[in-house]
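Shown next, in structure tokens, is the structure this report addresses.
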Amino acid sequence: MNFLHNNLLSSLFLLTFHTLSVLSHLFSPIDNYLINCGSTAPTTTLHDNRHFSGDLASKQPSPPLFSSPSTSAVSLQNDNNLLHDLPSLYHTARVFTTTAKYSFPITATGTHIVRLHFHAFNSSNYDLGRSKFHVLVNGYVVLSNFSHSENGNPRVIEYLIWVGAEKLVIVFVPIKGSNFAFVNAIEVISAPQDLVPDTAQYLNVSSGNVEKFDGLSRQGIEVVHRVNVGGPKVTPFNDSLWRTWIPDDEFFGSSAVVGSEKLYFGGRIKYQAGGASREVAPDNVYNSARLIRSKNGSVPNVSMTWVFPVVEGYKYLVRLHFCDIASISLGLLYFNVYVNGYLAYEDLDLSYITNSLASPFYADFVVDRNSSSPLSVSVGPSKNSIPRAIDGILNGVEVMKLSNSHGSLDGEVCADFVLKSFSRGNTGVFLTSVAAICIVLSLFIVIRRRVIGCRESVTWSRLPVNLSDDNVKT
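All residue numbers for the sequence shown refer to this note's numbering, where the first residue is 84 and numbers rise by one.
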């Protein structure tokens, strides 16, 4: 009996130790604001077990997070069919009819993850689908002339913003003609230091050289595509930074490539100090992949290609995730990596970089996109590829837009212009109203004078000169 009791205690101790060990490695952000805009609920819990606080809850920081001379909270009506289908985070929204801002006190300087949640619905006072507005984050124009259809699904837009001061400010600017802006939820989370390095390789197509790109971490960055290659969708519940990774099927253009296949790895991913961490990408990205496997004793002359639609006129950060979960031993995997058809990595040897199988590695490339054609990533055999081995592998892709020379991620417009445009728009409306009032007053004065003139002609008409005194007296 004592033997069983001791074994049970030992098992419980080991289980507790393992649980504490895992929890100790979970990322815990210093700054972590999760705001349910327009809600009075103290907390709203999502499926990933995160708790969002209502910006109308009784306990609010001083000064309050948001400020606007004209703001209101709106919510879905109880008879709305979407009420039970939508996550509760999208049941409310905050509406601004003038320039407004959320200001978040920041403890940890550095890169911060900013996520804006939008879902338009028709409330008793506002049809959010008819809104149109600009959004600024710490001086970057992140959205310009933005609108969200009432019939669309909730949209979450993610940005990586460097914060070097004591606060991060998000500004909403309504556009003339719409006259209001809205937001359903906001996340502001301090990022791990290794999430955005300060340097990357710049593929200068015009010169044909690979150059050093400095100041990457200080750029305004928008996440455009985040893809789990060869694997299923990864939800925020399974990502330590609460990201969503979508399957690569819609981007993969090499389905007919002979020797291309998907692979899932059930073993342990070996994260190493100085290499990719779970915050760079989770296990569920590195334990799945697409690969090229040579057959019939020869290296296939093929490549796998992914195509990503992007907006022209910007530089893009392309982050590629690799983890050799397919080779039976070290030193068997060599392949080339191409970005936009440009040889970005020749004879990539993961064994040399990680000195281990199932150990993740990522590479960052900055590329220009000055044409309307999509951005492409390709992986294929190199001159050092070995027959009867793996001749190419890719586990994940992230495509991120970098802010342009105007400090904008959405058009050729700067923050000062956006802020002044609202004032000009309101001034224009005011002047138009004043002009209309002046016209109405002028017409009123003219009509009034005519009426008075008519009255004067009746009241003061001269008496006939031929009337006698008797006629006048009667």
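Where is the CB? At the ideal position from N, CA and C, for every residue including glycine. This structure is a prediction, so every number in the text was calculated from the model and none was measured.
Requested in this report: Less than 8 Å between the CB atoms is what I'm expecting for Ile375 and Pro443, so what's the real figure, rounded?
Outcome: About 19 Å separates the two Cβ atoms, so there is no contact after all.
Query - Ser155: first and last residue of the uninterrupted beta strand (DSSP E) it sits in - result: Element bounds for Ser155: 154-158.
**Report entry** Residues that DSSP places opposite Leu286 in a beta bridge
**Finding:** Val293
Query raised in the report: Expressed to the nearest angstrom, what Euclidean distance is found between the alpha-carbon atoms of His101 and Pro365?
Result: Confidence is the limiting factor: at His101 the pLDDT is only 37, short of 50, which leaves the residue's position unreliable and the question unanswerable from this model.
Query raised in the report: Are three or more beta carbon pairs between the segment 444-453 and the segment 372-390 nearer than 8 Å?
Result: No contact exists between the segment 444-453 and the segment 372-390.
Requested in this report: With DSSP as the reference, label Asp366 as helix, strand or coil.
Outcome: helix
Query raised in the report: Can you tell me the Cα-Cα spacing of Ala183 and Gly222, whole angstroms?
Result: 14 Å
Query - Reduced DSSP secondary structure (H/G/I, E/B, other) of Val501 - result: helix
Query - Asp456 classed as buried or exposed, judged by whether at least 16 other C-beta atoms fall within 10 angstroms - result: Correcting the residue type first, residue 456 is Ser in the shown sequence and not Asp. That one is exposed.
Report task. Could you round the C-beta distance between Phe179 and Ser207 to whole angstroms and report it? I think they count as a contact, below 8 Å. Result -> 17 Å between Cβ atoms; not a contact.
Requested in this report: With a 10 Å radius around its C-beta and 16 neighbouring C-beta atoms as the bar for buried, classify Ser461 as buried or exposed.
Outcome: buried
Query - Cβ-Cβ separation, Val312 to Asn478 (assumed contact under 8 Å), whole Å - result: 6 Å
Report task. Could you tell me which residues DSSP pairs with Ala446 in its beta bridges? Result -> The partner list for Ala446 (beta bridge, DSSP) reads Leu403.
Query raised in the report: Taking the C-alpha atoms as reference points, what is the distance between Ser381 and Arg471?
Result: 7 Å
Requested in this report: To the nearest angstrom, report how far apart Phe29 and Ser468 are at their CA atoms.
Outcome: Lying before the first or after the last residue shown, residue 29 is absent from the chain, which here runs from 84 to 557.
Report task. List in chain order: all unbroken beta strand (DSSP E) runs of 3+ residues lying wholly within the segment 188-259. Result -> With a minimum length of 3 residues, the unbroken runs of beta strand (DSSP E) contained wholly in the segment 188-259 fall at 193-201, 216-220, 223-229, 238-246, 250-257.
Query raised in the report: Are the beta-carbon atoms belonging to Val220 and Ile253 less than 8 Å from one another?
Result: yes
Query raised in the report: Buried or exposed: Ala203, going by 16 or more other Cβ atoms within 10 Å of its Cβ?
Result: buried
Requested in this report: With DSSP collapsed to three states, give me the class of Tyr397.
Outcome: strand
Query raised in the report: In whole angstroms, what separates the C-alpha of Gln160 from that of Ala176?
Result: 12 Å
Query - Segment limits, alpha helix (DSSP H) that includes Ser434 - result: 433-437
Requested in this report: Answer with buried or exposed for Tyr173, where buried requires no fewer than 16 other C-beta atoms within 10 angstroms of its C-beta.
Outcome: buried
Query raised in the report: Between the segment 346-360 and the segment 397-412, are three or more C-beta pairs nearer than 8 Å?
Result: yes
Query raised in the report: Would DSSP call Val480 helix, strand or coil?
Result: strand
Report task. To the nearest angstrom, report how far apart Lys316 and His134 are at their CA atoms. Result -> 22 Å
Requested in this report: Just the C-alpha distance for Leu129 and Ala283, rounded to the nearest angstrom, thanks.
Outcome: 35 Å
Query raised in the report: Would you call the segment 430-446 and the segment 267-276 touching, i.e. three or more CB-CB distances under 8 Å?
Result: no
Query raised in the report: For Ala561, which residues does DSSP report across the bridge?
Result: What is shown of the chain runs 84 to 557, which leaves residue 561 out entirely.
Query - Nearest-angstrom Cα separation, counted from Ala498 out to Pro464 - result: 46 Å
Requested in this report: State the CB to CB distance for the pair Ser410 and Val224, rounded to an integer number of angstroms; the pair is presumed to be in contact (CB under 8 Å).
Outcome: Not really, about 46 Å apart at Cβ, beyond 8 Å.
Query raised in the report: Where do the N-terminal and C-terminal ends of the beta strand (DSSP E) with His382 fall, by residue?
Result: Going by the sequence as given, residue 382 is Val instead of His. From DSSP, Val382 is part of no beta strand (DSSP E); its letter is neither H nor E.
Query raised in the report: How far does the beta strand (DSSP E) with Ala372 in it reach, from first residue to last?
Result: 371-376
Query raised in the report: Looking only at its own chain, which residues have a Cβ that is under 7 Å from the Cβ of Val310, when we skip the five neighbours before and after it?
Result: Contacts found: Trp328, Ile329, Asp331, Phe334, Gly479, Val480.
Requested in this report: Determine the closest residue to Leu299 out of Met483, Asp493, Val501, with distance taken between C-alpha atoms.
Outcome: Met483
Report task. Let me know the beta strand (DSSP E) ranges lying completely inside the segment 297-323, each 3 residues or longer, listed in chain order. Result -> Complete beta strand (DSSP E) runs here, min 3: 304-311.
Query - Terminal residues of the beta strand (DSSP E) in which Ile118 lies - result: 115-119
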